[in-house]
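Numbering (our numbering), first residue to last: 1 to 243.
In this text, a Cβ means the ideal position worked out from N, Cα and C, and glycines have one as well.
On a predicted model such as this, the values are computed, not experimentally measured, just so you know.
One structure below.
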Amino acid sequence: MTLAPIRLNPDLDIAAAAAAYRRDGWVQVSDIFTPETATFLADLLETRIDWDLAFQGEDGRPAVLGREEIVRQGETALQQRLRRMMTQAGSAYGFLYLAYPLITAYLAGRDPGHPVHGVTEFLNADFVRLGAAITGRADIVKADGQLTRYRPGDFIGLHNDVGSEASDRLVAYTLGLTRNWRADWGGQLLFHDASGDVIRGHAPRWNTLTLFSVPQYHSVAPVAAYAQAPRLSVVGWMRNAGR
């Protein structure tokens, strides 16, 4: 697989998306990429990524383990860590999924020549400009991002995306690249009110952009044990220049 240009759908109705975002604080845009780009990206996530394991660490910070570190820890020790995380998630916060950290990998020179780095460049060029146009946030100047792959049992607990970095998380995004999904397979992006009720939910979708303002309480429902495909997406935040 060689590097291919990442192209947005030229027929996007940006004015309609912007009106919906102003009204609701969120919007979904279908067919965000050209068909060729969507297929290229899905193939990339399905077959070409050396995934890390991401989960909530014992110290309350994200733990990200690459293939070599997973082998070095050993299956028994890793499963003990994950069981502790699951126990803690019952009363606090937890998450578990496979990830590829786009910005970190790009800056560190990980996987030189890999087509995944074209995704990072796209996020901080055409995609940032699109996000600013839809949200009306002129202070959006950059985007971080990670690829995610959810297997059966993977999830993200309730959180609101407020971070402590120097640049603020202004708008959260999900670029859905899941080709086929059944409603009972789980994995929905769920939004919650102060009482804990689900006020909105989005199933994993194909070639779809979801934008929502930060902060909003949300979670990702666990993927069902019998799901027959992975939940694939590019996710992250659009940010300002920082303090």
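Supposed close pair residue 209, residue 21 - CB separation, criterion 8 Å: 11 Å between Cβ atoms; not a contact.
Touching by the beta-carbon criterion (3+ pairs, under 8 Å), the stretch 189 to 205 and the stretch 130 to 147: With a cut-off of 8 Å, the stretch 130 to 147 and the stretch 189 to 205 do not count as touching, because too few Cβ pairs lie within range.
Segments of 4+ residues assigned as alpha helix (DSSP H) that fall wholly inside the stretch 59 to 141: List check, alpha helix (DSSP H) in window: 67 to 73, 75 to 89, 102 to 108, 116 to 122 and 128 to 135.
Buried versus exposed call for residue 119 [16 or more other C-beta atoms within 10 Å across all chains shown]: Residue 119 should be labelled buried.
Among 130, 231 and 58, the one whose alpha carbon lies nearest that of residue 80: The residue from 130, 231 and 58 with its alpha-carbon nearest to that of residue 80 is 58.
Classification of residue 164 by the beta-carbon crowding that lies within 10 angstroms, buried from 16 upward: So residue 164 counts as exposed.
Beta carbon of residue 185 nearer than 8 Å to that of residue 235: Using a Cβ distance threshold of 8 Å, residue 185 and residue 235 do not count as a contacting pair.
Short Cβ contact (8 Å threshold) for residue 248 with residue 214: The requested residue 248 does not occur in the structure, where the chain is confined to residues 1 to 243.
Beta-carbon gap between residue 152 and residue 203 smaller than 8 Å: No, they are not a contact pair.
Spatial distance of residue 133 from residue 239 (CA atoms): Using only the alpha carbons, I get a separation of about 14 Å.
Under 8 Å between C-beta atoms of residue 100 and residue 52: Yes, these two residues count as a Cβ contact at 8 Å.
Residue from 60, 130, 172 and 24 with nearest C-alpha to residue 144: It is 172 whose Cα lies nearest to the Cα of residue 144.
Bounding residues of the beta strand (DSSP E) (the contiguous stretch that carries residue 239): Boundaries of the beta strand (DSSP E) around residue 239: 231 to 239.
Span of the beta strand (DSSP E), counted from its first residue to its last, around residue 44: DSSP places residue 44 in no beta strand (DSSP E) but in the uninterrupted alpha helix (DSSP H) bounded by 35 to 47.
Residue 17, buried or exposed, once every other Cβ within 10 Å from all chains shown has been counted against 16: Looking at its Cβ environment, which holds 16 or more other Cβ atoms inside 10 Å, residue 17 is buried.
For residue 76 and residue 125, the rounded distance between their alpha carbons: Roughly 43 Å between the two C-alpha positions.
Beta bridge counterpart(s) of residue 11 as assigned by DSSP: In DSSP, residue 11 forms no bridge with anything.
Selected residue, minimal CA-CA separation from residue 230, among 221, 181, 6 and 122: 181 is the residue among 221, 181, 6 and 122 whose C-alpha sits nearest the C-alpha of residue 230.
C-alpha gap between residue 300 and residue 116, whole angstroms: Residue 300 lies beyond the stretch modelled for the chain, which goes from 1 to 243, so this question has no answer here.
Residue from 14, 8 and 42 with nearest C-alpha to residue 148: The residue with the shortest Cα to Cα distance from residue 148 is 42.
Reference residue 36; option with closest CA among 9, 29 and 60: Measuring C-alpha to C-alpha distances from residue 36 to each of 9, 29 and 60 identifies 9 as the nearest.
Span of the beta strand (DSSP E) around residue 249: Residue 249 lies beyond the stretch modelled for the chain, which goes from 1 to 243, so this question has no answer here.
Beta-carbon gap between residue 175 and residue 218 smaller than 8 Å: No.
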